[in-house]
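Numbering (our numbering), first residue to last: -10 to 180.
All residues carry an ideal CB built from backbone N, CA and C; glycine is no exception.
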């Protein structure tokens, strides 16, 4: 799930940034060159010759335009990346490279599958915890959000395997009657 979340948040950013930079480069190539009489101050000349700094400035500008929710999601993603082991980072890089090689339709399909899986996981969670008192449900939800990604993934896998609702403490979960196959059988008549 950690990798899926990273792909969900990082792919649009990673995919969008090079396209944005390429579009700016193309527009600069098409723009007329400034004459020698148009002097830039030292900082402007410096930025024109250092693409890395220009890239950082563009990234900062884009971050400033994001809403707070997206910034929170990015910060959480950065924290997850910091907590990754070198092996996890290597695997994630490989997955991102493989993802970037896919055609656009396949990328779209995989992202939709990921979103559907996320919805199913949270639907399972809500179905399981809907009968709990509100405060206990929120406490459990916060606990799940605070889990490291691998533990959260294991939690949802366990939840998926055991789809039985939790129910209220002390009250057994509701039993679902088995579906009948065919018409009802006649009851045996007493002899």
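Pairing residue 128 with residue 148 gives a Cβ-Cβ distance that is not under 9 Å. Uninterrupted alpha helix (DSSP H) stretches at least 4 residues long and entirely within the segment 38 to 81 occur at 40 to 53, 57 to 71, given in chain order. When DSSP states are grouped into helix, strand and coil, residue 109 belongs to the helix group. For residue 138, the secondary structure class from DSSP, reduced to helix, strand or coil, is helix. A contact between stretches requires three or more CB pairs, one per stretch, nearer than 8 Å, and the segment 96 to 115 meets this requirement with the segment 132 to 152. Linking residue 54 to residue 60 through their CA atoms gives a straight-line distance of about 10 Å. Under the criterion of beta carbons closer than 8 Å, residue 142 and residue 133 do not qualify as touching, at roughly 11 Å. In terms of Cβ geometry, residue 63 and residue 52 form a close pair [threshold 9 Å].
By the beta-carbon neighbour count (other beta carbons within 10 angstroms, threshold 16), residue 69 is buried.
Your pair residue 96 and residue 88 checks out as a contact, with CB atoms roughly 7 Å apart and the cut at 8 Å.
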